[in-house]
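Peer 1:
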Amino acid sequence: MSGEITVKADVLAEQMTAIFRAWGMAEDAIGKCVEIMLEADLMGIDSHGVTMLPTYEQLFKDGRLEMNPEVKVVKETPVMAMIDGGGSLGHYPSSIAMDLAIEKAKKVGMAAVTVRHSNHYGAAGVYALRAARHGLIGISTSSVWNPAIVPTRAAEPMFGTNPFAFAAPTRKNRPFLLDMATSTVAIGKLKLAWLAGKTLPEGWALTPEGKPELSAELAMATRLMTPLGGSGTMSSHKGYGMAAMVEILSTMLAGATYAPLRNRPEGHYDIGHFFFALDPHAFRDETDFEDELDAMIDRLHNARPVDPAEPVLVPGDPEFDRRAKRERDGIPIAGPMVEMLAGIAERAGAPFTLARLAA
Numbered sequence: 001m002s003g004e005i006t007v008k009a010d011v012l013a014e015q016m017t018a019i020f021r022a023w024g025m026a027e028d029a030i031g032k033c034v035e036i037m038l039e040a041d042l043m044g045i046d047s048h049g050v051t052m053l054p055t056y057e058q059l060f061k062d063g064r065l066e067m068n069p070e071v072k073v074v075k076e077t078p079v080m081a082m083i084d085g086g087g088s089l090g091h092y093p094s095s096i097a098m099d100l101a102i103e104k105a106k107k108v109g110m111a112a113v114t115v116r117h118s119n120h121y122g123a124a125g126v127y128a129l130r131a132a133r134h135g136l137i138g139i140s141t142s143s144v145w146n147p148a149i150v151p152t153r154a155a156e157p158m159f160g161t162n163p164f165a166f167a168a169p170t171r172k173n174r175p176f177l178l179d180m181a182t183s184t185v186a187i188g189k190l191k192l193a194w195l196a197g198k199t200l201p202e203g204w205a206l207t208p209e210g211k212p213e214l215s216a217e218l219a220m221a222t223r224l225m226t227p228l229g230g231s232g233t234m235s236s237h238k239g240y241g242m243a244a245m246v247e248i249l250s251t252m253l254a255g256a257t258y259a260p261l262r263n264r265p266e267g268h269y270d271i272g273h274f275f276f277a278l279d280p281h282a283f284r285d286e287t288d289f290e291d292e293l294d295a296m297i298d299r300l301h302n303a304r305p306v307d308p309a310e311p312v313l314v315p316g317d318p319e320f321d322r323r324a325k326r327e328r329d330g331i332p333i334a335g336p337m338v339e340m341l342a343g344i345a346e347r348a349g350a351p352f353t354l355a356r357l358a359a
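The sequence shown begins at 1 in full-length UniProt numbering and counts up by one.
Right, here's the structure in full:
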């Protein structure tokens with residue numbers, strides 16, 4: 001069971017469902033969690049899909065995940081809502097929150113919904129893209145479990161890798177989709193490098209002495225990440241500022257807990273999320289917005305490239321290309337990850353439905 005396997009989306013969904021069900025997760029929560037995780041895997045955001053299951057298993061064992069959460073709206077107006085996630089895996093209340101923001105925005109033009117008392121919610125772009133699929137501009141941000149980003153000039157982490165995603169609808173082209181961590185790379189990229197036995201590029205992570213960390217294994221242990229930019233000379237203060245912005249929206253606005261204050265030995269995490277949906281037709285007539293965005297995307301695609309073999313991409317292009325390929329050919333899973341999934345299924349008492357592919 002040492003080689004990479006390729007799995008069709010429905011088969012991978014079946015495996016994740018079996019594990020969550022064995023953990024006792026509520027069926028509605030299972031459906032929403034699997035949907036979001038599978039979308040991340042299809043889009044090639046491999047660090048935020050099925051590879052998160054080992055982490056979720058540990059949270060489950062530690063009693064930090066509520067399997068039958070009471071997700072509830074605690075404050076609401078026509079243009080906003082605050083949701084308590086009940087200590088659940090973040091995909092569940094986040095899916096509810098984005099859908100609520102979309103519903104409200106369609107009625108009144110724009111809406112913001114926050115979530116507190118939550119957990120890791122997967123890939124930020126999946127939620128923003130959902131709004132774009134409904135003809136709306138979507139924004140999604142989240143705080144993260146533990147501090148990892150070391151601010152410019154600091155010697156200790158103060159923010160999580162705090163993701164930000166923005167999506168906008170088009171008529172002709174695929175939606176515009178920007179999905180990014182505010183660190184130079186997401187922590188999940190360290191895990192993927194570790195699983196693949198690769199050395200880290202300089203500028204991704206730091207040693208406790210503030211030097212570049214090149215060992216993926218050590219970087220996974222220390223979790224000292226550079227802000228977007230990588231170093232002060234490369235304008236890492238901008239990534240640091242963006243991480244702070246995301247923290248403000250996801251934590252202070254949502255009533256969640258700021259990352260350095262979240263390190264407690266037991267109990268649920270209190271991660272926060274922010275979702276925003278905006279109807280461009282509240283500002284522009286008919287399809288003016290979509291047509292002009294299409295024109296911009298066309299112009300970007302036609303920009304003269306440095307290398308004709310590598311045309312200019314628009315944010316979202318890699319994800320949509322990978323999604324088309326993986327829907328057709330399947331989702332690749334590295335050998336070490338397959339072994340981890342087998343162990344998780346065995347410990348949960350769930351069937352290992354990938355066994356026939358991993359033999």
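Virtual Cβ for every residue (Gly too), placed ideally from N, Cα, C. Since we're looking at a predicted model, the values are computed, not measured.
Check each candidate in 54, 195, 261 and 79 and name the one with the smallest Cα separation from residue 336.
Peer 2: Among 54, 195, 261 and 79, the Cα nearest to that of residue 336 is on 195.
Peer 1: Spatial neighbours of residue 212 within its chain, please: CB distance less than 6 angstroms, with the 5 preceding and 5 following residues excluded, ordered by chain position.
Peer 2: Closer than 6 angstroms at Cβ, skipping near neighbours: 202.
Peer 1: Residue 271 and residue 144: beta carbons closer than 8 angstroms?
Peer 2: Yes, Cβ-Cβ distance for residue 271 and residue 144 is below 8 angstroms.
Peer 1: Could you check which residue in 8, 152, 158 and 5 has the C-alpha nearest to that of residue 260?
Peer 2: For the residues 8, 152, 158 and 5, the minimum Cα distance to residue 260 belongs to 158.
Peer 1: Ends of the alpha helix (DSSP H) at residue 6?
Peer 2: Counting along the chain, residue 6 falls outside any alpha helix (DSSP H), though it belongs to the beta strand (DSSP E) covering 5-7.
Peer 1: Within this structure, are the beta carbons of residue 399 and residue 111 separated by less than 8 angstroms?
Peer 2: Residue 399 cannot be examined here, being either before or after the span of the chain that is shown, 1 to 359.
Peer 1: Just to confirm the assignment, what range does the alpha helix (DSSP H) spanning residue 75 have?
Peer 2: Element bounds for residue 75: not the alpha helix (DSSP H) but the beta strand (DSSP E), 72-77.
Peer 1: Starting from the C-beta of residue 300, find all residues in its chain whose C-beta is less than 7 angstroms away, skip the five residues before and the five after it, and write them out in chain order.
Peer 2: 312 and 314, listed in sequence order.
Peer 1: Of all the options 206, 169 and 149, which has the alpha carbon lying nearest to the alpha carbon of residue 227?
Peer 2: Selected option, being the one with the closest Cα: 149.
Peer 1: As a quick exercise: from 44, 166 and 15, pick the residue whose alpha carbon is nearest that of residue 343.
Peer 2: Residue 343 has its Cα closest to that of 15, out of 44, 166 and 15.
Peer 1: Do residue 328 and residue 44 have their beta-carbon atoms positioned less than 8 angstroms apart in this structure?
Peer 2: Contact: no.
Peer 1: Run through DSSP, which three-state label would residue 226 get?
Peer 2: Coil at residue 226, not helix or strand.
Peer 1: Does at least one heavy atom of the ligand SAM sit under 7 angstroms from the Cβ of residue 43?
Peer 2: Inclusion of the ligand SAM in the displayed structure is not the case, the ligand content being empty and no account of it being possible.
Peer 1: Assuming residue 85 and residue 116 make a contact with CB atoms under 8 angstroms, what is their CB distance in whole Å?
Peer 2: That pair is a contact at about 7 angstroms.
Peer 1: Return the bridge partner residues of residue 187 from the DSSP annotation.
Peer 2: According to DSSP, which records beta bridges pairwise, residue 187 is partnered with nothing at all.
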